[in-house]
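Participant: If you read the protein sequences in the order shown, they are chains G and E.
Be aware that the first sequence starts at 36, since it is given in my numbering, and climbs by one per residue.
Be aware that the second sequence starts at 187, since it is given in my numbering, and climbs by one per residue.
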Amino acid sequence: MARAVTTQHKTIATVAAWVVALLIFFPILYTIITSFKSEQEAIQGFALIPSGTTESYSEVQAQSGYFKFFLNSVILSVGSTVLALIVAVPAAWSMAFSPTKRTKDILMWMLSTKMMPAVAVLFPIYLIFRDTGLLDSRIGLTVMLMLINLPIVVWMLYTYFREIPGEILEAARMDGASLWNEIIYVLTPMAVPGIASTMLLNIILAWNEAFWTIRLTTTEAAPLTAFISSFSSPQGLFWAKLSAASTLAIAPILIMGWFSQKQLVRGLTFGAVK
Amino acid sequence: MKLRTLTLGLLSASALAFAAHAESITIATVNNGDMVRMQKLTDDFTKANPDIQLNWVTLEENVLRERVTTDIATKGGQYDVLTIGTYEVPIWAKQSWLLPLEKLGDDYDVKDIIPAIAGGLSVDGKLYAAPFYGESSFVMYRKDLMEKAGLKMPDAPTWDFIKEAADKMTDRANGVNGICLRGKAGWGENMAFLTAMSNSFGARWFDENWKPQFEQPEWKNTLQFYVDLMKADGPEGASSNGFNENLALFQQGKCGMWIDATVAASFVSDPKASQVADKVGYALAPDKGLGKRGNWLWAWSLAIPAGTKKADAAEKFVSWATSKHYLDLVASKEGWANVPPGTRTSLYNNPEYQKAAPFAKMTLDSINAADPTHPTVKPVPYVGVQFVAIPEFQGLGTTVGQLFSAALAGQSSVDDALKQAQDAATAAMTEGGYLK
């Protein structure tokens, strides 16, 4: 018998959810508020009501071309995500539907690469990029971002694929479907929510990646992370300008996240809630 | 035939592409007011040098340092011009990471560069970086509050006078702190101030044999004086204040005195940003009567990494950006007050500059009062006023900065902080092979 949920419990849960959500969102909200303050106001202390000046935005706009950085961010995040899916869908398929004794170990090994601090491989990677002429190139960075996020993509897809009954694929095979047809016409349509949420999450991760995108680029391939970093000043007030730059940098991904939140939540909880 | 045409076409296209990009140089810099202004004025350079294209990479100071170090150490060749400070130049020049600047042009007038600044940027008599702007540190004080306290600031005050003035100026009820000083941990933050201050107290980081000196009475006097002064007359939460935080406090009228970079003078005297713009006086950094003042010396400078393939174009740019002509250009477009200070003697002889920048004389005197090759009262084996020009200093300076910041915050005693600093420095020096 289902447990009755009282109104009181519901209210408490709702309030708790709001409090947690606000706590998580607050730093972003405060960044946006700060971006509408003057530099003096920004450093003066905590205040939730800004004077509403947009001088920081005009200064940020005048100082560097936002659009070039934005375009690089789009190319890198979308490019690396598409590339990651091309590699990860077959990988996850094979691990989910024809697992071997070592499948779990391979999955764990892939995840373990995420546990190493990135800076540990900075020099080897930098040298490889230098020798292959990939420093400050979009192609090099797209591959790099793809490799960084690949373990997570494979893991997510693997979890989604495991929820799909193997019998359906067997039935398709009985009907004479080739491996390719099986993946394209049977598996993919069933896994669309999973693939979509993996894609969205991966775009967000790639968009926000700041270690490699700052260290492997100079001018041509620099995305919005480099744009934000350029507004920190050793001598001179910069909090409002930095906040304005950050707001401009996160706005596209924030808007994308807002419109796709249902898809994102459905994908992330896929399999957990039956 | 078709193949030949195609090959020829491809070859000429790539040759054209190469020609178009041959002289595009990449400049790594920080986001300082003077640097941003230079980016706006580069039309003057590209008009005179139409074959050279400029690409800018602006980064946060520490990220810039890390990026540039990685690139130079691996000879990545991503940058053609670097913005670096007085700390890096001698170390990097000795590693052969930088090219000496020998073709700055006939009308460049190297001798016009302020000798103290040029000395800090030279190794074995060769200039390895050209100063873009230079600074020392000095006392900025509120003339009105000083008068109210019944005191007169001498041109060259002592630390005892500073303490007396700070005590008298502190008016907590009205939100006025007698003195604002750096407390935020970092080799370029609180340790820049404290190392320079310790020089005037007769202290030194290391003796002639690289033995750390934090257990000597001079360091104890320095740190105890600083902590006591800040506890009695400093702002709340001083241990997290750096240059920018103190600048904001001073501009809002919350500091009686502030000892920091001479560059700050143009910010605190700017009526658009500062509420106390017309009430600021300047004096040399204090001393203890031992012959050394507590002021530092720093220059953001332009250097050319050894890995560049466009050294000639890069040197042309460095020459332009640090020339007398550039100073005139800024003056004509933005006024004399906005000219990058602290690099050329001729600027300080210019009556128009003296009129526009009331802090000009005191800035020059402060720069001249710093001697990077003899920074301390007792002899030392290192170069550098507010830093020790060895590669280990960045890490060690920040560790010691954290210990001293904790002492200021009251999390540890002065004695404990000094003992831990001594241990950390001994470990770093042993590991670095300085101590046997």
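Heads up, the beta-carbon is just placed ideally off N, CA and C, and yes, glycines get one too.
#1: Could you give the DSSP three-state label for Ala492/E: helix, strand or coil?
#2: Round the Cβ separation of Ser180/E and Ser425/E to the nearest angstrom and send it over; I've been treating them as touching at under 8 Å.
#3: Using the beta-carbon of each residue, which ones in chain E are nearer than 8 Å to Thr253/G?
#4: List, in chain order, every chain E residue whose beta-carbon is nearer than 8 Å to that of Gly87/G.
#5: Give the residues of chain E in contact with Tyr65/G, contact being defined as C-beta atoms less than 8 Å apart.
#6: CA-CA distance, Val504/E and Val569/E?
#7: Can you give me the Cβ contacts of Ala451/E inside the same chain, cut-off strictly under 6 Å, excluding the 5 residues immediately before and after it?
#8: Grab the span of the beta strand (DSSP E) containing Phe324/E for me, first residue to last.
#9: Is it the case that the CB of Asn554/E approaches a heavy atom of the ligand HEM more closely than 7 Å?
#10: What is the C-beta distance between Pro491/E and Tyr265/E, in whole angstroms, given that I count them as a contact (C-beta under 8 Å)?
#11: Under the three-state reduction of DSSP, which class applies to Val362/E: helix, strand or coil?
#12: Tell me the rounded alpha-carbon separation between Ala77/G and Gly423/E.
#13: Here's the rule: buried if 16 or more other CB atoms are within 10 angstroms of the residue's CB, otherwise exposed. What is Leu307/E?
#14: Taking only three categories from DSSP, how would you classify Phe663/E?
#15: Could you give the C-beta distance for Leu181/E and Ile270/E, rounded to a whole number, given that I count them as a contact under 8 Å?
#16: Please tell me whether Pro287/G has its Cβ less than 8 Å away from any Cβ of chain E.
#17: Go ahead and pull the three-state DSSP assignment for Leu169/G.
#18: Please report the distance separating the alpha-carbon of Ser108/G from that of Asn184/G.
#19: Between which two residues does the beta strand (DSSP E) carrying Leu268/E extend?
#20: Taking the straight line between their C-alpha atoms, what separation do you get for Glu401/E and Arg368/E?
#21: So, is the C-beta of Phe204/E closer than 8 Å to a C-beta in chain G?
#22: Excluding sequence positions up to five away, which residues of its chain have a Cβ less than 7 Å from the Cβ of Trp373/E?
#23: Am I right that Ser232/G and Leu180/G are in contact with their C-beta atoms under 8 Å? What's the rounded C-beta distance?
#24: Can you grab the Cα-Cα spacing for the pair Leu289/G / Pro62/G, in whole Å?
#25: Distance, Cα to Cα, Ile203/G vs Leu106/G?
#26: Determine the chain G residues that contact Phe429/E at a beta-carbon separation under 8 Å, and present them in chain order.
#27: Against chain E, does Gln298/G count as a neighbour if the rule is that its beta carbon must be under 8 Å from one of theirs?
#28: Just curious, the beta strand (DSSP E) that Tyr568/E is in, first and last residue?
#29: Please check if any C-beta of chain E sits within less than 8 Å of the C-beta of Arg197/G.
#30: Quick check: the segment 213–227 of chain E against the segment 234–248 of chain G, are there 3 or more CB pairs under 8 Å?
#31: Applying the criterion that 16 or more other CB atoms from any shown protein chain within 10 Å of the CB defines a buried residue, is Thr311/E buried or exposed?
#32: On the criterion of 16 or more Cβ atoms from any shown chain inside 10 Å, does Phe294/G qualify as buried, or is it exposed?
#33: So, using beta-carbon positions, are Thr529/E and Ile300/E closer together than 8 Å?
#34: Between Asp140/G and chain E, is there a C-beta pair that is closer than 8 Å?
#35: If you reduce the DSSP assignment to three classes, tell me which class Ser99/G lands in.
#36: Using a Cβ-Cβ cut-off of 8 Å, state whether Asn218/E counts as contacting chain G.
Facilitator: The relevant details are as follows:
#1: Of the three classes helix, strand and coil, the one that applies to Ala492/E here is coil, per DSSP.
#2: Not covered by the structure: residue 180/E. The range shown for chain E is 187 to 622.
#3: Thr212, Ala214, Asn241, Val243, Gln264, Tyr265
#4: Here the premise fails: no neighbours, minimum Cβ distance about 19 Å.
#5: Chain E residues near Tyr65/G: none, gap ~18 Å exceeds 8 Å.
#6: 25 Å
#7: Phe545
#8: 316–328
#9: As far as ligands go, the structure on display features none, and thus does not contain the ligand HEM.
#10: 6 Å
#11: In this structure, Val362/E counts as strand in the three-state DSSP scheme.
#12: Between the alpha carbons of Ala77/G and Gly423/E lies a distance of about 17 Å.
#13: buried
#14: Nothing can be reported for residue 663/E, as the shown portion of chain E is limited to 187 through 622.
#15: Past the edges of chain E, shown from 187 to 622, lies residue 181/E, and the structure says nothing about it.
#16: Not closer than 8 Å to any Cβ of chain E, the Cβ of Pro287/G fails to qualify, so no.
#17: coil
#18: 15 Å
#19: 267–270
#20: 23 Å
#21: The pLDDT assigned to Phe204/E is 45, lower than 50, so where the model puts this residue is not dependable; a value taken from the coordinates is nonetheless given after this. No - not a single Cβ of chain G is within 8 Å of the one on Phe204/E.
#22: Phe573, Phe579, Gln580, Gly583, Thr584, Gly587
#23: Not a contact, Cβ separation roughly 18 Å.
#24: 14 Å
#25: 42 Å
#26: Pro269, Gln270
#27: Gln298/G does not count as touching chain E.
#28: Membership of Tyr568/E in any beta strand (DSSP E) is not indicated, and neither H nor E is assigned to it by DSSP.
#29: no
#30: no
#31: Strictly speaking, residue 311/E in this sequence is Gly, with Thr absent from that position. It counts as exposed.
#32: exposed
#33: Cβ atoms of Thr529/E and Ile300/E: closer than 8 Å.
#34: no
#35: coil
#36: yes
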